[in-house]
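Below is one structure, written out as structure tokens; the observations come after it.
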Amino acid sequence: MVALTQLKNLRSLNASYTEFNQQTLQLICEDLKFLEKLDISGTCVNDFNPLLNFSEQLTSLTVTDFKLTKVMASVIMQLNCLRHLDVSIANEKLDTSENSGISLILEHCDLLQNLVSLEISGWRDILLKETLEAYIASHPKLRYLGLVLNLVVFEPQFCDPYHENFNHNLVIAGVGSESQIKVTLKRHYERAGYVQKALYHLFQLTSAFQEARPDIFELVLPAMAAHPTKFGVQMAATACLYNLTRGELSKHIHPKLLSKGVNLTLNAMDQFPDEYQLQKNSLLTLCSDRILQEVTFERFRCAKLVLDSLCAFDEGNMNRMAVAICSILAAKVSTAETSELGSRPVYMRKLLAMVQSRVETKTSDITMKFTLSALWNLTDESAATCTVFLEQGGATLFLNVLKTFRGDNAIETKVLGLLNNIAEVEKLRNSLMLNSLIEELYTLLKSDLIDVSYFAAGIVAHLASDGPEYWTVNKYSRNEMLVELGNAVSQWKVPESEMVAYRSFKPFFPLLRREMDYQVQLWAVWAIHHVCTKNPVRYCLMLREEKGVEFLNDLLEDTQAHPEIRTISGQILQSLKSHF
Numbered sequence: 000m001v002a003l004t005q006l007k008n009l010r011s012l013n014a015s016y017t018e019f020n021q022q023t024l025q026l027i028c029e030d031l032k033f034l035e036k037l038d039i040s041g042t043c044v045n046d047f048n049p050l051l052n053f054s055e056q057l058t059s060l061t062v063t064d065f066k067l068t069k070v071m072a073s074v075i076m077q078l079n080c081l082r083h084l085d086v087s088i089a090n091e092k093l094d095t096s097e098n099s100g101i102s103l104i105l106e107h108c109d110l111l112q113n114l115v116s117l118e119i120s121g122w123r124d125i126l127l128k129e130t131l132e133a134y135i136a137s138h139p140k141l142r143y144l145g146l147v148l149n150l151v152v153f154e155p156q157f158c159d160p161y162h163e164n165f166n167h168n169l170v171i172a173g174v175g176s177e178s179q180i181k182v183t184l185k186r187h188y189e190r191a192g193y194v195q196k197a198l199y200h201l202f203q204l205t206s207a208f209q210e211a212r213p214d215i216f217e218l219v220l221p222a223m224a225a226h227p228t229k230f231g232v233q234m235a236a237t238a239c240l241y242n243l244t245r246g247e248l249s250k251h252i253h254p255k256l257l258s259k260g261v262n263l264t265l266n267a268m269d270q271f272p273d274e275y276q277l278q279k280n281s282l283l284t285l286c287s288d289r290i291l292q293e294v295t296f297e298r299f300r301c302a303k304l305v306l307d308s309l310c311a312f313d314e315g316n317m318n319r320m321a322v323a324i325c326s327i328l329a330a331k332v333s334t335a336e337t338s339e340l341g342s343r344p345v346y347m348r349k350l351l352a353m354v355q356s357r358v359e360t361k362t363s364d365i366t367m368k369f370t371l372s373a374l375w376n377l378t379d380e381s382a383a384t385c386t387v388f389l390e391q392g393g394a395t396l397f398l399n400v401l402k403t404f405r406g407d408n409a410i411e412t413k414v415l416g417l418l419n420n421i422a423e424v425e426k427l428r429n430s431l432m433l434n435s436l437i438e439e440l441y442t443l444l445k446s447d448l449i450d451v452s453y454f455a456a457g458i459v460a461h462l463a464s465d466g467p468e469y470w471t472v473n474k475y476s477r478n479e480m481l482v483e484l485g486n487a488v489s490q491w492k493v494p495e496s497e498m499v500a501y502r503s504f505k506p507f508f509p510l511l512r513r514e515m516d517y518q519v520q521l522w523a524v525w526a527i528h529h530v531c532t533k534n535p536v537r538y539c540l541m542l543r544e545e546k547g548v549e550f551l552n553d554l555l556e557d558t559q560a561h562p563e564i565r566t567i568s569g570q571i572l573q574s575l576k577s578h579f
């Protein structure tokens with residue numbers, strides 16, 4: 000402390016929450032003749048008398064977390080030059096029932112006339128509004144008053160700008176109004192107790208908001224980030240974030256802000272995995288097209304946390320939101336990441352159990368459709384996920400889905416899309432060689448809905464591509480299915496929109512070999528032509544980068560190839576030339 004006292008020209012000293020003690024205070028008050036600002040919050044000082052040395056020069060005093068006695072208060076009241084005084088309580092464990100020191104300061108309206116800022120937040124016992132009003136009236140320079148956690152903030156003269164006694168020149172930190180809460184979050188975001196109360200009252204206000212409030216959204220984020228392990232803060236914050244982004248409101252908040260909000264929400268989910276309401280709040284926020292489609296965040300981490308939440312709780316609305324989120328995210332993460340997610344048996348069991356329960360009750364609801372979409376996207380280009388799907392009884396279950404929801408085109412499309420993913424994996428095709436499945440496919444090839452017929456045809460094409468020796472079912476022969484496959488593809492009309500999305504064309508290349516049955520080739524070239532026509536920028540580039548052009552040129556040059564195969568191959572190659 001000798002070094003400190005040698006700083007003779009020091010004007011500002013912050014010794015808060017250090018080993019600063021009474022002896023140290025005595026020394027600096029004797030040696031630092033020019034000191035103007037002092038913060039000794041949370042220290043072991045018990046006698047303020049040395050401060051009287053600064054009575055005509057100290058402009059700012061912060062003594063947070065002191066049990067302010069009348070003796071201490073009497074010393075403070077003699078510091079005539081004070082412009083900023085902070086005697087607040089931040090430590091929630093301190094007893095604030097005895098506030099005689101605060102009362103003494105407020106009762107002496109004629110003292111401390113230079114105060115611009117007075118911080119008395121944290122003193123929970125009710126301060127008499129009459130005393131406070133008189134103090135404010137007698138201190139015309141006062142511009143800021145901290146009253147967080149004190150019930151007096153709910154008095155209309157402090158929270159209602161239309162009240163006749165409301166002081167428009169005074170900024171108040173509290174929880175009694177929107178403006179008070181905003182001030183609290185700005186000035187005291189580092190104080191967990193204040194933040195929790197402010198966010199709780201903010202949540203109640205935001206429930207009625209009809210317009211976007213990016214200003215408030217931005218204030219919640221630092222407070223949320225400052226207290227990642229405080230459940231009360233995270234609980235209230237996640238509730239506020241949902242209210243501030245629900246419906247169309249998120250469209251009026253900048254993506255960078257939304258990104259920060261989402262990542263803080265994920266942190267909360269990670270920190271409190273067993274807290275039902277917090278997890279539900281988080282899912283409510285995340286289940287937004289704007290957020291899932293347009294905002295940058297850790298999608299894999301999000302998908303994992305959402306699946307963890309899905310497995311931890313079994314509640315209808317949470318289940319619906321979780322699978323809706325996963326159905327979108329699974330299509331946006333890398334194939335390695337979908338494999339990591341989908342190959343975890345605990346996730347697969349949960350998703351399949353949700354499908355099973357709806358088969359048993361014959362319920363075709365939105366949750367069923369989201370679950371099927373999630374499984375479809377998780378199995379895309381992922382042999383590991385497809386394997387776990389089969390190991391957990393997925394093939395039999397999905398066959399039952401087709402039988403139970405026959406004619407429900409949306410469900411049929413998703414089921415067939417997933418089975419198509421499995422059929423792309425050579426080593427797993429044998430698991431689909433089931434008479435009952437082939438019988439369903441025979442019928443579905445003739446569906447009037449091209450989406451259904453298309454995916455049924457894809458499964459047949461992949462199963463048939465292994466050759467006659469691997470066709471182990473006897474309900475319909477391989478040749479019979481190939482005839483139906485060719486008939487189906489030949490009758491398709493080009494749909495108006497992009498019907499399917501692919502991560503890669505590589506599963507198609509074995510189907511394009513010269514020696515392959517032309518019906519199999521036909522489905523493959525039709526599929527490639529379709530996506531290259533509907534989304535040429537993406538798929539023409541993909542086809543070129545993956546060297547699919549070589550297969551198409553080979554078919555075009557093969558005089559033995561079916562004329563329709565050569566025609567479509569030529570159209571695809573022409574499309575490539577026009578775009579590159």
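Counting in numbering that gives the first Met the number 0, the sequence shown runs from 0 upward without gaps. Virtual Cβ for every residue (Gly too), placed ideally from N, Cα, C.
Hey, how far is the Cα of Ser206 from the Cα of Asn242? Here the question's residue 206 lines up with position 207 in the sequence shown. Here the question's residue 242 lines up with position 243 in the sequence shown. Cα to Cα, Ser206 sits roughly 6 Å from Asn242.
Using the rule of at least 16 other Cβ atoms within 10 Å of the residue's Cβ for burial, across every protein chain shown, is Leu248 buried or exposed? Start at 1 with the first residue of the sequence shown, and residue 248 comes out as number 249. Residue burial annotation: Leu248 is buried, with at least 16 other C-beta atoms found within 10 angstroms of its C-beta.
Among the residues of its own chain, which have a CB less than 7 Å from the CB of Cys108, if the five just before and after it don't count? Numbered from its first residue, the sequence shown carries residue 108 at position 109. Cβ neighbours of Cys108 beyond the five flanking positions: Ala133, Tyr134 and Ser137.
With C-beta atoms as the reference, is Val345 less than 8 Å away from Thr370? Looking up residue 345 in the sequence shown gives position 346. Looking up residue 370 in the sequence shown gives position 371. With respect to the 8 Å criterion, Val345 and Thr370 are not classified as neighbours on the basis of their beta carbons.
So, helix, strand or coil for Thr4, using DSSP? By one-based count along the sequence shown, residue 4 stands at place 5. Helix, per DSSP.
Which of helix, strand or coil DSSP assigns to Ala373: Translated into positions along the sequence shown, residue 373 becomes position 374. Helix at Ala373.
The alpha helix (DSSP H) enclosing Ile410, as first and last residue numbers: For this step, residue 410 is matched to residue 411 along the sequence shown. Looking at the DSSP string, the run of the alpha helix (DSSP H) that includes Ile410 is Asn408 to Ala422.
Buried or exposed: which applies to Met0, given that a residue is buried once 16 or more other Cβ atoms fall within 10 Å of its Cβ? The residue labelled residue 0 in the question sits at position 1 within the sequence shown. Any reading at Met0 must be qualified, since the residue scores a pLDDT of 49, below 50, and its modelled position is unreliable; the value itself is stated next. Counting the other CB atoms within 10 Å of its CB gives Met0 a total below 16, which places it among the exposed residues.
Within 10 angstroms of the Cβ of Leu257, are there 16 or more other Cβ atoms? Answer buried if so, exposed if not. Along the sequence shown, read from residue 1 onward, the residue named residue 257 stands at position 258. Buried, because 16 or more other Cβ atoms sit within 10 Å of the Cβ of Leu257.
Inter-residue spacing [alpha-carbon to alpha-carbon] between Glu556 and Val414: The residue given as residue 556 occupies position 557 in the sequence shown. The residue given as residue 414 occupies position 415 in the sequence shown. Approximately 37 Å, taken between the alpha carbons.
My parser needs the alpha helix (DSSP H) runs of 4 or more residues fully inside the stretch 125-201; what are they? 128-136, 155-158 and 177-186
Mind pulling the alpha helix (DSSP H) runs of 4 or more residues that sit fully within the stretch 510-561? Taking only runs of at least 4 residues, the alpha helix (DSSP H) segments lying wholly in the stretch 510-561 are 517-533, 535-544 and 547-556.
Coil, strand or helix - Asn262 by DSSP: What you label residue 262 is simply residue 263 of the sequence shown in a count that begins at 1. Residue state, collapsed to three classes: helix.
Would Tyr453 be called buried (16 or more neighbouring beta carbons within 10 Å of its own) or exposed? On the sequence shown, residue 453 is found 454 positions in, with the first residue counted as 1. Buried: at least 16 other Cβ atoms inside 10 Å.
Output needed for Thr334: all residues of its chain with C-beta closer than 7 Å, excluding positions within five of it in sequence on either side, in chain order. In the sequence shown, counting from the first residue as 1, residue 334 sits at position 335. Counting only Cβ-Cβ distances below 7 Å, and skipping sequence neighbours, we find Glu380, Ser381 and Arg502.
Give me the Cβ distance between Ala456 and Trp522, rounded to the nearest whole Å; I'm assuming they're in contact under 8 Å. Within the sequence shown, residue 456 is the residue found at index 457, counting from 1. Within the sequence shown, residue 522 is the residue found at index 523, counting from 1. Contact holds; Cβ gap of about 5 Å.
4-residue-minimum alpha helix (DSSP H) runs that sit fully inside the stretch 320-395, ordered along the chain: 334-341, 344-360, 365-378 and 382-390
Between Glu118, Glu468, Pro272 and Lys92, which lies nearest to Ser59 when the distance is taken from Cα to Cα? Here residue 59 corresponds to residue number 60 of the sequence shown, with the count starting at 1. The shortest C-alpha separation from Ser59 is found at Glu118.
Are Leu304 and Leu265 touching if we call contact CB-CB under 8 Å? The sequence position of residue 304 within the sequence shown is 305, counting from 1. The sequence position of residue 265 within the sequence shown is 266, counting from 1. Contact: yes.
According to DSSP, is Ser446 part of a helix, a strand, or is it coil? Locating residue 446 in the sequence shown gives position 447, where the first residue counts as 1. Coil at Ser446, not helix or strand.
For Asn13, which beta-bridge partners are listed by DSSP? The residue labelled residue 13 in the question sits at position 14 within the sequence shown. In DSSP, Asn13 forms a bridge with Asp38.
Cβ pair count under 8 Å reaching 3, the stretch 189-204 against the stretch 169-177: yes
Using three-state DSSP, classify Leu306 as helix, strand or coil. In the sequence shown, counting from the first residue as 1, residue 306 sits at position 307. Helix at Leu306.
Look at the alpha carbon of Leu127 and the alpha carbon of Leu110, and state the distance between them as a whole number of angstroms. The residue given as residue 127 occupies position 128 in the sequence shown. The residue given as residue 110 occupies position 111 in the sequence shown. Their backbone Cα atoms lie some 19 Å apart in a straight line.
Using the beta-carbon count (16 or more within 10 Å), is Lys474 buried or exposed? In the sequence shown, counting from the first residue as 1, residue 474 sits at position 475. Answer is exposed; the Cβ neighbour count stays below 16.
Sort Met317, Glu359 and Leu374 by Cα distance to Thr337 and report the nearest one. Numbered from its first residue, the sequence shown carries residue 337 at position 338. Nearest to Thr337 by alpha-carbon distance, out of Met317, Glu359 and Leu374, is Leu374.
Under 8 Å between C-beta atoms of Phe507 and Ala487: Indexing the sequence shown from 1 puts residue 507 at position 508. Indexing the sequence shown from 1 puts residue 487 at position 488. No. Outside cutoff.
Please report the straight-line C-alpha distance between Asn45 and Gln21, rounded to a whole angstrom. Here residue 45 refers to the residue found at position 46 of the sequence shown. Here residue 21 refers to the residue found at position 22 of the sequence shown. Whole-angstrom Cα-Cα distance: 7 Å.
Other residues of its chain near Leu37: CB distance less than 6 Å, five sequence neighbours each side excluded: The residue given as residue 37 occupies position 38 in the sequence shown. For Leu37, where only same-chain residues beyond five positions count, the Cβ hits under 6 Å are Leu12 and Leu60.
Taking the continuous alpha helix (DSSP H) assigned at Thr61, which residues delimit it? Walking along the sequence shown from the start, residue 61 turns up at place 62. Per DSSP, Thr61 belongs to no alpha helix (DSSP H); it is in the beta strand (DSSP E), Ser59 to Thr61.
Taking 8 Å as the cut-off, does the stretch 24-32 touch the stretch 66-74 (at least 3 CB pairs, one atom from each stretch)? Segments in contact, no.
Under 7 Å from any heavy atom of the ligand NAP, does the C-beta of Arg10 make it? Of the ligands one can find in the structure shown there are none, so the ligand NAP has no counterpart to examine.
Gln209 classed as buried or exposed, judged by whether at least 16 other C-beta atoms fall within 10 angstroms: Counted from its first residue, the sequence shown places residue 209 at position 210. When all chains shown are included, Gln209 counts as exposed.
Please identify the residue among Leu484, Thr558, Ser430 and Leu554 whose C-alpha is closest to the C-alpha of Pro509. For this step, residue 509 is matched to residue 510 along the sequence shown. Cα-wise, what sits closest to Pro509 is Leu554.
Beta-bridge pairing of Asp85 - partner residues as DSSP gives them: Position 86 of the sequence shown, counted from the start, is the residue given in the question as residue 85. DSSP lists Thr61 and Glu118 as partners of Asp85.
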